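Colleague: Residue numbers (this note's numbering): 18 to 700. Even glycine gets a Cβ: it sits at the ideal position worked out from N, Cα and C. Remember, it's a predicted structure, so these values are computed and weren't measured experimentally.
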């Protein structure tokens, strides 16, 4: 077990803690990625002069020869990054390069359906169900009839900040960003309803007008999917005892989706919402011998043992069934009489058809149950399996791959392809090779004798199965992206650390390498369904001393960054990188030089990387998509102002009022970015 895992018995006291982060859950003896990297460095006889210096030697001519050859050939035609870098910023505004313009679109509370209630701090829970949700995250633009000016924008809303959501009532009270108010140990029903409706997904039609401005338009497709929306469950876990609840005695349905972070887009043009830090929304008071007694499918994921859940929804004063289900304690004579299994209905990937409002969302269980950051597909090829990659966004968790059992047929493809296949987990070896370990009955120790009864049991306990298989513990795997030219897969690892306890301080929670990095790999024979791969480091985050660029070069003032998170390749193979420095670390200590969170653009072929955007105070830059012609991109700004201290909140001194300005409550919103000359963004 690394020193990092032992440093903070109370994970909320870690200097880089963010609301919703899981407690330490992975107690396996599996190697961490840092252990693998350190071993690889030793194998290469690299002199240890600090991890960042040593890792620099890994960038040149190592594992990815195929990628290197393709990139070298294509680099001869010139680079893809054609703008001048913007400087770091700590201002409460959005900055983009010269020659670009920004428009704010669809902030939290924008009316989209029903009675179209206008945004106001006093909006009710019912109003919120007809408005854009809070804390915009992953999203995709689905063009209508191939249009670059008209389409459905579908986006996740990861979580809520109660003091902003209920600002009319919470004003003047000294509250942290995640705190809620109780009265006589209960929560107000409408506050709980508003929070649940602030979560989920928004489907909204957006159009560009003749004046060039984009706007939300009323449309039958517009709708909200929330923490209350009825959902079907598909795949191997459907109908099993794991999912039996009072609401669904046959184990085929659940209500709602939670903590949707990144997303995915299927080859058949549907949207996937990934459930990330869902476990904290539940509590379980079961005890044995006066000690917590959680089943393994809750303990390994961080369901709260006793006390109140993250928002205390189970304490809603009216005692409605939709609220009390967040208490997973055993209160009935069987699972069909209570909600002991309710957490098992979460941690999945949810498929939504944006163009069919009448179709219920479906949770696809064969993609595994964990803290899904998102899903990224390899290019679908007719006659070959569908392949999808996903990261488990918690410290020392794993990277997964799903390979469908049936081949892709573009004329018949549907979500059913995700219901049968093989789920794999990655093992990274010190020599630059890697293996995909099947999480299937009878393979890699997944037998009844070792506690895995069948495939459904493996999938409900995906993390435990990966522990047993021997996967490599990664440093918070988040978004993935696949290079459309080379097929190489890229994943952000937001935090990569190895240090002793006496090195820890608030500004340096990860001594020597606290900034994170991006890993990449190519599959054997260029086949994404292969069971082996070759890996390397793409970039190492950091300042001008610690950071390394795509070719191993030192980072400069034009591209220093920390904590990479969002990741996206556009159609011309520019790699867009978004950052998420934690709220408690932003603009402090070693992170002060980074300024506010930002977005960069890299050309893997040439190694160029420049800062394209900086956001307002207290936010995370997350979520990116574009129009088919590449002339407009959409980028989300999540939780501006979240770094407001409790005392400042009570005094009405918010650190951000973006995007409305003045004394307004800050709101998550979408940026529409385009070139003044109408050219392709980034070129």
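#1: Could you tell me if residue 378 is buried or exposed, where buried requires 16 or more neighbouring beta carbons within 10 angstroms of its beta carbon?
#2: Closest by CA to residue 6, which one among 430, 657, 619 and 682?
#3: Do the segment 253-272 and the segment 197-215 meet, that is, are 3 or more Cβ pairs less than 8 Å apart?
#4: Using CA coordinates, which residue listed in 137, 293, 171 and 127 is at the minimum distance from residue 37?
#5: Would you kindly work out how many angstroms separate the C-alpha atoms of residue 45 and residue 114, rounded to a whole number?
#6: Who are the near neighbours of residue 209 in its chain, counting only those whose CB is closer than 7 Å to its CB and skipping five residues on each side?
#7: Taking the alpha helix (DSSP H) that residue 667 falls in, what are its first and last residues?
#8: Over what stretch of residues does the beta strand (DSSP E) that includes residue 279 continue unbroken?
#9: Here's the rule I'm using: 16 or more other beta-carbon atoms within 10 Å means buried, otherwise exposed. How should residue 164 be labelled?
#10: Please report the distance separating the alpha-carbon of residue 528 from that of residue 659.
#11: Classify residue 68 as helix, strand or coil using the three-state DSSP reduction.
#12: Leaving out the 5 sequence neighbours to the left and right, which residues in its chain are closer than 8 Å to residue 458 when beta-carbon positions are compared?
#13: Please report the distance separating the alpha-carbon of residue 714 from that of residue 560.
#14: Are the Cβ atoms of residue 353 and residue 243 separated by less than 8 Å?
#15: According to the neighbour-count rule (16 or more other Cβ atoms, all chains shown, within 10 Å of its Cβ), is residue 140 buried or exposed?
#16: Confirm, please, whether the CB-CB distance from residue 216 to residue 150 is below 8 Å.
#17: Do you know offhand how far residue 576's Cα is from residue 649's?
#18: Take residue 181 and list the residues in its own chain whose beta-carbon comes closer than 6 Å to its own, dropping the five residues that flank it on each side.
#19: What would DSSP say about residue 550, mapped onto helix, strand or coil?
#20: When we look at the beta-carbon of residue 701 and count the other beta-carbons within 10 Å, is it buried (16 or more) or exposed?
#21: By Cβ distance, which residues of its chain are closer than 7 Å to residue 506, with the 5 residues on each side in sequence left out?
#22: Tell me whether the beta-carbon of residue 42 lies closer than 8 Å to the beta-carbon of residue 175.
#23: Could you name the residues that DSSP lists as bridge partners for residue 657?
#24: Can you list, in chain order, the residues of its chain with a C-beta nearer than 7 Å to that of residue 247? Leave out the 5 residues immediately preceding and following it.
#25: Could you tell me the distance, in whole angstroms, from the CA atom of residue 390 to the CA atom of residue 306?
#26: Does the segment 119-139 touch the segment 633-647, meaning 3 or more C-beta pairs lie closer than 8 Å?
#27: Can you grab the Cα-Cα spacing for the pair residue 158 / residue 280, in whole Å?
#28: For the beta strand (DSSP E) that contains residue 434, what are its first and last residues?
#29: Report yes if the C-beta of residue 500 is less than 7 Å from at least one heavy atom of the ligand ATP; otherwise report no.
#30: Could you say which of 48, 148, 161 and 133 lies nearest to residue 747 if we only look at CA atoms?
#31: So, helix, strand or coil for residue 578, using DSSP?
#32: Need the endpoints of the beta strand (DSSP E) that residue 455 sits in, please.
#33: Where residue 371 and residue 218 are concerned, what is the direct C-alpha to C-alpha distance, given to the nearest angstrom?
#34: With distances taken Cα to Cα, identify the nearest neighbour of residue 361 among 489, 593, 396 and 265.
#35: State buried or exposed for residue 543, treating a residue as buried only when at least 16 other CB atoms are found within 10 Å of its CB.
#36: Helix, strand or coil for residue 510, going by three-state DSSP, please let me know.
Modeller: Let's see:
#1: buried
#2: The question about residue 6 has no answer here: the residues shown for the chain are numbered 18 through 700.
#3: As far as the Cβ criterion goes, the segment 253-272 does not touch the segment 197-215, which means the pair count is below three.
#4: 293
#5: 46 Å
#6: 330, 333 and 340
#7: 663-667
#8: 277-282
#9: exposed
#10: Note that residue 528 has pLDDT 48, beneath the 50 cutoff, so the model's placement of it is unreliable and no number is given.
#11: Residue confidence for residue 68 is low, a pLDDT of 41 falling below 50, so the modelled location carries little weight and cannot support an answer.
#12: 464, 469, 471, 472 and 475
#13: This structure does not reach residue 714, given that the chain is present from 18 up to 700, and the question cannot be answered.
#14: no
#15: Buried, by the Cβ-count rule.
#16: yes
#17: 23 Å
#18: 682
#19: strand
#20: This structure does not reach residue 701, given that the chain is present from 18 up to 700, and the question cannot be answered.
#21: 406, 497, 499, 537 and 538
#22: no
#23: Residue 657 is not bridged to any residue.
#24: 270, 272 and 377
#25: 37 Å
#26: no
#27: 12 Å
#28: It is not in any beta strand (DSSP E) - residue 434 carries neither H nor E in the DSSP assignment.
#29: With respect to small molecules bound, the structure shown includes none, and the ligand ATP cannot be examined in it.
#30: Because the chain here runs from 18 to 700, residue 747 falls outside it and cannot be looked at.
#31: strand
#32: 450-455
#33: 11 Å
#34: 265
#35: A residue is called buried once 16 or more other Cβ atoms fall within 10 Å of its Cβ, and residue 543, having fewer, is exposed.
#36: strand
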